[in-house]
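In this text, residue positions in the sequence shown follow this note's numbering: the first is 1, and each later residue adds one. Following: one structure in structure tokens, then a few remarks.
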Amino acid sequence: MAGLGFPEGELDGVEIDRSTDHARVPDEFQRLWAPHRMTYIVEGQDPDPTACPFCRGPELPDEHSLIVARGTYAFVVMNLYPYNSGHLLVCPYRHIATYDEADDEEILEIGHLTQTAMRVLGAQAHVEGFNIGMNQGRVAGAGIAGHLHQHIVPRWALDSNFFPIIAKTKAIPVLMGDLREWIADHWPDAD
Ligand SMILES: [Zn+2]
């Protein structure tokens, strides 16, 4: 997998299991922009459907799990199957399925992380709008129904590629890793 931008094998002493490394919410929508599809064309989709990527991700280094920011009760991660570039997911660390199972700390931090994501993307990537929401249950479209996750999908009027500095200078398959780094670099430090 050399050249795809994701390290594999062992990283910082952590064993890397490629099949469960990335947060992903498969869906049937047509994507507006999805060059990262190369990643799973090469690797195959979800070889282990029983593994929970949102439980696995925080165990890995951020640059491998594509985590953007970590809070105390919740974290922010790139969606490996984005609807649009910069599509983020906010998840509690706890493996809970629905929003009504979240406790007060989780609700508050999911809210704060969502606000921060909007500010970072809005200020730095000139996002013009957002789709934000949670699909609750597989019948409602949740790809990973067992672990709560809130989608943050940035929108632009034309939904054209943004991050032009990256997009113009990097090969397409490394974009996910570079987008993660870009967002993480612009994420404000916790007080
Ligand atoms: Zn989980």
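Ideal Cβ positions, reconstructed from N, Cα and C, are used throughout, including at glycine.
Select from the options the residue whose C-alpha is nearest the C-alpha of residue i.
i, options, result
"Gln205", "Glu106, Ala51, Met176 and Glu101", "Only positions 1 to 191 of the chain appear in this structure, which leaves residue 205 out of reach."
"Ile110", "Pro92, Arg119, Gly177 and Val127", "Pro92"
"Gly185", "Leu66, Phe54 and Pro58", "The sequence as given places Asp at residue 185; Gly does not occur at that position. Checked all of Leu66, Phe54 and Pro58; the closest Cα to Asp185 is Leu66."
"Gly177", "Pro58, Asp103 and Val68", "Val68"
"Ala145", "Met134, Ile152 and Arg155", "Met134"
"Phe75", "Leu179, Thr98, Pro154 and Asp62", "Asp62"
"His95", "Glu106, Leu88 and Gly86", "Glu106"
"Asn131", "Leu89, Ala123 and Tyr99", "Leu89"
"Tyr99", "Leu148, Ala157 and Trp187", "Leu148"
"Asp189", "Gly143, His112 and Asn79", "His112"
"Tyr81", "Ala123, Trp187 and Leu175", "Leu175"
"Trp182", "Ala123, Gly129, Gly141 and Ala142", "Ala123"
"His126", "Asp103, Met78 and Ala157", "Ala157"
So what does DSSP say about residue i, is it helix, strand or coil?
i, result
"Ile144", "coil"
"Gly133", "strand"
"Asp149", "Before going on, a small fix: residue 149 reads as His here, not Asp. If DSSP states are grouped into helix, strand and coil, His149 belongs with coil."
"Cys52", "coil"
"Arg94", "coil"
"Met176", "helix"
When we look at the beta-carbon of residue i and count the other beta-carbons within 10 Å, is it buried (16 or more) or exposed?
i, result
"Val139", "exposed"
"Gly57", "buried"
"Val42", "Caution is warranted here: a pLDDT of 43 is assigned to Val42, below 50, making its placement in the model unreliable, and the coordinate value is therefore given only provisionally. Val42 comes out exposed."
"Gln150", "buried"
"Thr114", "buried"
Could you tell me which uninterrupted beta strand (DSSP E) segments, each at least 3 residues in length, are contained entirely in the segment 57–89, listed from first to last along the chain? 67–70 and 74–78
Go through the residues and name those whose CB comes closer than 5 Å to any heavy atom of ligand 1, in chain order. Cys52, Phe54, Cys55, His95 and His147
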